[in-house]
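Position one of the sequence shown corresponds to residue 30 (the numbering used here), numbered consecutively onward.
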Amino acid sequence: MSITSPDDRITEYNPVVATTEFAADFPVFNSSDLKVIHDGEERSDFTVTATYVDGISTDAKVVFLLGIVGKVQVVGAREPRRTNRFQNGGPLPIRDQNLALDTLESEVQELARNINRAPLSPYGVPGPRFPIPDGSMLIGWDGSGNLENKISESASQAAAEAAAEAALAAANAGFVFDTHADFLAANIPAILMFVQIAGYHAPGDGGGHMRERSTALDVFAEQSADGSWWAPSVPPSGRISVKAFGARVNGASDDITAINKALEFSSEYGVEIHQPVGKSMIGALITIPDRAAWLGVNFMSVVEKLPTYAGAMLKSENFDVLTGTSDPFAAGVPETILVDQITFNGNYQSQDRATYLQTSGDGCKIFARKPYFRARIFNMQGEGFYCECPNGNGPIPLKPNYSRQALIDLYIHGTQYEGIIWKGPADVRMDHVFQTDAGSRITSQENNGLISSPRFGGMLYGAVIDGVGAEIGFIHSWGNLAGSGIRWNGGRVNADLLMAESCRYGGLKIEGSAFGAINTIDVHRTGGFNGDTTPDFIYDGSGGNNAKVKIKCLTLYRSNPAYTTPRNGAVITGDFIEIGNFEAEGSNTAGHALVIENDTAQWISVNGGDISRWKGAAPDGLESSAVYRKTTGTGNMLNVKANVRDCGVGLRSAGTPRVETIDLQCFFATGQLMFTGDLKTNAGQRWDIRGTINGVYVGSKNKGVSVAFNANSTLEQDIPIAHGLFAAPPLGSFWVNGISDTGTGITAGAFQYVYAYNSDATNIYAKVKLSTANGSDTQPRLHWGGGDLSDVVVTCHMAEMLSQNRRRTCI
């Protein structure tokens, strides 16, 4: 064929379904003469099929392995070249001539097509010269009509903006105000976006900060004289001083407005509020909102009530509405409260404790899911620190970010009532609590006796865990002159140390559904003031879900006791408690070291320890005892083991429980008793009580002894044998178990009878009668053994000699 019509040698398609084949609607002379442009990008992943007739194909098509959609252009792209050559003098076939001309025409058509895509100059004007390519530049005309590389419009705008910002920064640098008052009085150019204040009340007073333009809707914005609104700017450090909000921290001015505004700003923008070293006075309530963070400097940052202020020191937002609710996700419950290294002073009493400065008010009150509170609370009206959040295992399904986290680290000294009351959240970390002088009074009144708790009624305690537990490093409660030490009222507590020291009205009490594991409970020099008989340690719990309170070591000691009123050591009246090691040192004061009310106290274990120097008349008028077990007969599941030294009585038994094991080793002096009270009568009772009184063995089990009798008499002999038991063994629980001699031997026929017939507190009594005297035996002996107050022995009678030299008769 011969090409006789114009053609741009491009065939276009726009498939909307995946298509693999695209035909070229122009002649093709070689399969390599085709290109494919797909959505503006050249493709090479195709093949060409074509049928050639006389060197020309009119059915060529490109084929893709996978179908494509979009704009597809099949383009002729033949590189100019000859495919044949005519020989001089040779034949000149018409077919070959047409092929050569058609090929040449196709190449010219493609060249014409591509020339139309190039920039054109007016006729008679040379074409433009292009500059060296630069990917960061654009091509444009200069003033002489030549092309050149030019900066882009966006780059040009950025350069202009940078220049403007530099100029603005230079202008801003000139707007640094000495004080906050200077800033408020200024007319500030509209071009400025921020200003610097060198100090709030005076340059360099610590209140320096930056402010940025804002609106009247911003609650933190203030208006300058020109009518513009400016709010504090969040510094890159994420921390801003309370002085930037107007606090003077001078120990005289009322900083309450500045502190509350600063804490609101912290909550809103997530910044930390810095409380500098010094003293801020307050004349109203501090309200700390959700997610606020307030940080002091090593507890040298002091916040103190003005003496005229009669309210609480601090409350978390919505506290008065939320307290008492059972829903930790009720509306308005703060998620996180953070107070760190700040000292709070209530101005309750004068420094010399001669007068009261303000007796109305309260301490710090928190209701939050994640309280972080490290503080010192001194000289405070009401309760020093109160924290609350309901117990529970969280919502189901769990809400995002749900966690009852907390960190508590407190030193609380001198509070009108309780030092700390903990009501949750549960399962949190309470590192350290030092608490002292709950029920604090001025010096002239400190001996006025017990103060009753306004919240709980009855005994005032320095530290109270009220129904919701925690994971505790230690609580040390001491010097509570108007009350007791620690009260644990239910909930799970796991702790390393709970210590009560030098409290006038007892030391530590556990009650309610308490359970958990305690490494050490230490109670010393507590109680006995002005006739008070409150025990050092009281357990009246009921366990939780049948789980125990497990105490690895319970230590009571009265070394150099401040008061000597008789009072008991540890009194157990509740179920489910296990004590690994019980150390009770009475320091020669009166009282029962361990009292177990076994009717109400069951599943009790005391697995070892030492009890010493409890003597004199106990509060009930009885001689002090190391262990006093009481029951009316319904007691059960009791296990006590200990070493006992220098006590009035080792074991005092009232009643006979159904099942118990008591194991005591004793070291006593003359006049002290290993045992007094009711002997065991039930098969479930197991006793092993043993030791010496002034060097003489006494116990609940006989070690075996023998006494001499007269072998030269045929009269009945009444023989007393010291049994070494702490009480008279009942008939049926002992026997004479043999006879030995030193001579030629006592023959079986020499005895008429031998038997034991009676006992008292010191001896058992046996009768011996010989039918034939034997003068050759100068020191025959009667043996006794087997008497045991731990086991009831079945009685029996034996009438025959067991051997020539031994006879046993059971009674």
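For every residue, glycine included, the Cβ atom is placed at its ideal position computed from N, Cα and C. Please read these numbers as outputs of a predicted model, since none were measured by experiment.
- Assignment of beta-bridge partners to W643 by DSSP yields T618.
- Only residues of its own chain outside the window of five on either side were considered, and among them C695, F696, F697 and V727 have a CB closer than 8 Å to the CB of T721, listed in chain order.
- Residue state for I180 is assigned as coil, using DSSP reduced to three classes.
- Between D639 and G700, the alpha-carbon positions lie close to 20 Å from each other.
- If you draw a straight line from the Cα of F503 to the Cα of I437, it comes to about 11 Å.
- Residue D456 holds the alpha-carbon nearest to the alpha-carbon of A499 among D456, I317 and N477.
- If you look at A499, you'll find it in the beta strand (DSSP E) that goes A499 to W507.
- When DSSP states are grouped into helix, strand and coil, A671 belongs to the strand group.
- Look at L537 here: in three-state DSSP terms it is strand.
- I449 sits away from G486, with the two beta carbons spaced by 8 Å or more.
- Between P44 and E50, the alpha-carbon positions lie close to 11 Å from each other.
- V91 is a Cβ neighbour of V103, given a cutoff of 8 Å.
- Ranking G572, T87, G496 and G119 by CA distance to the CA of G105 puts T87 first.
- Residue environment for G233: exposed (fewer than 16 other C-beta atoms within 10 angstroms of its C-beta).
- About 17 Å separates the beta carbons of G570 and T563, which is beyond the 8 Å limit, so they are not a contact pair.
- In the structure shown, N374 falls within a strand segment according to DSSP collapsed to helix, strand and coil.
- Taken atom to atom, the span from the alpha-carbon of G541 to that of Y446 is near 22 Å.
- Annotation: the continuous alpha helix (DSSP H) that includes T286 extends over I285 to Y298.
- In this structure, the CA atom of E626 is about 36 Å from the CA atom of R470.
- Proximity to G325 across A397, A254 and R403 peaks at R403, based on C-alpha coordinates.
- Annotation for L583: I550, I608 and F611 place their beta carbon closer than 6 Å to its own, counting only its chain and skipping 5 residues before and after.
- Straight across, the Cα-Cα distance linking S282 with G312 is about 9 Å.
- Judged by beta-carbon spacing, A751 lies beyond the 8 Å limit of V765, meaning their Cβ atoms are not closer than that value.
- The way I'd put it, the segment 700 to 710 doesn't touch the segment 733 to 740; fewer than three beta-carbon pairs between them come closer than 8 Å.
- Distance from the CA atom of I606 to the CA atom of E689, rounded to whole angstroms, is 15 Å.
- For the options H442, N143, C418 and Y586, the alpha carbon positioned closest to that of G411 is the one of H442.
- Take A214, set aside five residues on each side of it, and the residues of its chain with a beta-carbon closer than 7 Å to its own are A254, in chain order.
- Within the model, the alpha-carbon separation for K579 versus A339 is close to 43 Å.
- When only Cα atoms are considered, A802 and S641 end up about 53 Å apart.
- The bridge partners DSSP lists for Q464 are I441 and S506.
- For E301 against A322, the beta-carbon gap comes to about 5 Å, under 8 Å, which counts as contact.
- In the structure shown, the three-state DSSP call for Q781 is strand.
- For T40, the secondary structure class from DSSP, reduced to helix, strand or coil, is strand.
- Residue environment analysis places V797 among the buried positions, since at least 16 neighbouring C-beta atoms fall within 10 angstroms of its C-beta.
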